[in-house]
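Here the numbering used here is used: the first residue of the sequence shown is 353, the next is one more, and so on.
All residues carry an ideal CB built from backbone N, CA and C; glycine is no exception.
Everything below concerns the one structure shown next.
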Amino acid sequence: MNRTTLVSALVTGSALLGAGYFYLRNDARLSRQRALASNIIPIITPVIDLRVAEDVMEALERVPGDEVTVVLHTLGGCVTSCVMICNALRAFPRSTAIVPYMATSGGTLIALNATQLQMGRSAALSAVDPIVHGQRAKHLPEEPKDPQQALAHEYQNAITNYLRDTLLARLPGIDEEALWTTVEVFLGEHAPHEWPIRRDEVAALGLPVSPAARMWGEMVDAYRKRWW
353 MNRTTLVSAL VTGSALLGAG YFYLRNDARL SRQRALASNI IPIITPVIDL RVAEDVMEAL
413 ERVPGDEVTV VLHTLGGCVT SCVMICNALR AFPRSTAIVP YMATSGGTLI ALNATQLQMG
473 RSAALSAVDP IVHGQRAKHL PEEPKDPQQA LAHEYQNAIT NYLRDTLLAR LPGIDEEALW
533 TTVEVFLGEH APHEWPIRRD EVAALGLPVS PAARMWGEMV DAYRKRWW
C-alpha cells in the first residue's frame with residue numbers, strides 16, 4: 353500500500369488515535385522476524401496501522417511465558433489497531449511498557465494497558481480521544497441524523513469506556529471522583545489532543561510510573577537512525 357492509499361484509507365475508513373500524522377515508511381513497519389520468540393516487542397513506528405497491529409499481535413502470541421515488555425515510540429494511529437494491541441497486552445499477567453521519548457495518542461493507550469509503566473526523563477504521553485475525519489470526535493458539531501457525527505459519538509463513547517476500564521485496572525480502589533479526573537486528563541478535556549503529559553504529571557495522577565533506563569532510549573535511537 354503506497355502512502356497516498358494509506359492516507360485515504362485512514363481518513364475514510366477508520367477513526368484515529370492520533371491527529372493527522374499519516375506518514376509511514378514501509379521499512380519502518382515492525383518486521384515479523386525481529387520480535388518472534390522474544391519477550392521484548394518494539395513498537396517503534398510513526399503510525400500504528402493494521403499491518404503494524406498484525407505484526408505486534410503475532411509477536412505477542414509467540415512470546416514464551418507470561419511476561420512481556422513493549423518499547424513504544426509512536427504518534428498513534430488507527431483506533432482498531434491500537435485497541436487490538438491493548439487487548440493482546442491485557443492477556444499477560446505481567447507486562448511493562450517503556451516510553452523513552454514519546455508514545456502519544458494510541459501509543460498512550462497501549463502504554464496504559466501494561467501492568468507497569470516506565471518513562472524517560474523527558475518522555476511524554478498525551479490524550480487518547482479519537483479523531484474522526486481529521487477532527488477530534490468531541491468537536492464535531494451536533495447535527496441531527498448526520499452519520500459522521502453519529503460515528504464520532506460512537507467512537508468517543510467507546511474510547512471513554514475503554515479508558516475507564518484501563519484506569520480501573522491500573523488504579524484498583526480509586527474513588528469515582530479521582531477516576532474521572534484521570535479519565536478527563538487522558539481524554540484531553542482541558543488541553544489539545546497532542547499536548548504532552550510528562551512523567552511527573554502521570555505520577556501525580558496516582559499511576560505507578562518509574563524511570564526508564566538509558567538503554568531503552570539508545571534502542572529507539574538505533575531504530576530512528578536506521579529508518580527515519
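- State the beta-bridge partners of Leu520 as determined by DSSP. Answer by DSSP bridge pairing: none, since Leu520 is not bridged.
- Message: Is Leu402 near the ligand NAD - that is, is its Cβ less than 8 Å away from at least one heavy atom of it?
- Response: As far as ligands go, the structure on display features none, and thus does not contain the ligand NAD.
- Of the residues Thr448, Gly429, Tyr514, Asp527, the one placed nearest Phe538, counting alpha carbons only: Its Cα nearest to that of Phe538, the residue Tyr514 stands out among Thr448, Gly429, Tyr514, Asp527.
- With DSSP collapsed to three states, give me the class of Ser433. helix
- Task: Could you tell me if Val572 is buried or exposed, where buried requires 16 or more neighbouring beta carbons within 10 angstroms of its beta carbon?
- Result: buried
- Message: Looking at the secondary structure, which residues open and close the alpha helix (DSSP H) in which Thr467 lies?
- Response: Careful: Thr467 lies outside any alpha helix (DSSP H) and carries neither H nor E.
- Message: Using CA atoms only, rank isn't needed, just tell me which of Met454, Cys434, Met436, Val415 is closest to Ser447.
- Response: Nearest option by C-alpha distance: Val415.
- Message: Check whether the region 476 to 484 and the region 545 to 565 touch, using three or more Cβ-Cβ pairs below 8 Å as the test.
- Response: yes
- Between the Cα of Thr533 and the Cα atoms of Ala521, Pro524, Arg516, which residue gives the shortest distance? Arg516
- Item | Proximal residues to Ala463 (C-beta, below 7 Å), its chain only, five neighbours per side dropped | Leu424, Ala449, Val451, Ala455, Leu469, Leu477
- Please go through the same chain and pick out, in chain order, the residues whose beta-carbon is closer than 7 Å to the beta-carbon of Arg442, but skip the five residues on each side of it. Asn465
- Task: State the Cα-Cα distance for the pair Cys438 and Ala565, rounded to the nearest angstrom.
- Result: Inter-residue distance for Cys438 and Ala565 is about 23 Å (C-alpha atoms, whole angstroms).
- Task: Per DSSP, which residues does Ile526 bridge with? Please list them.
- Result: Answer is none; Ile526 lacks a bridge partner.
- From the DSSP output, which residues share a beta bridge with Pro563? Met471
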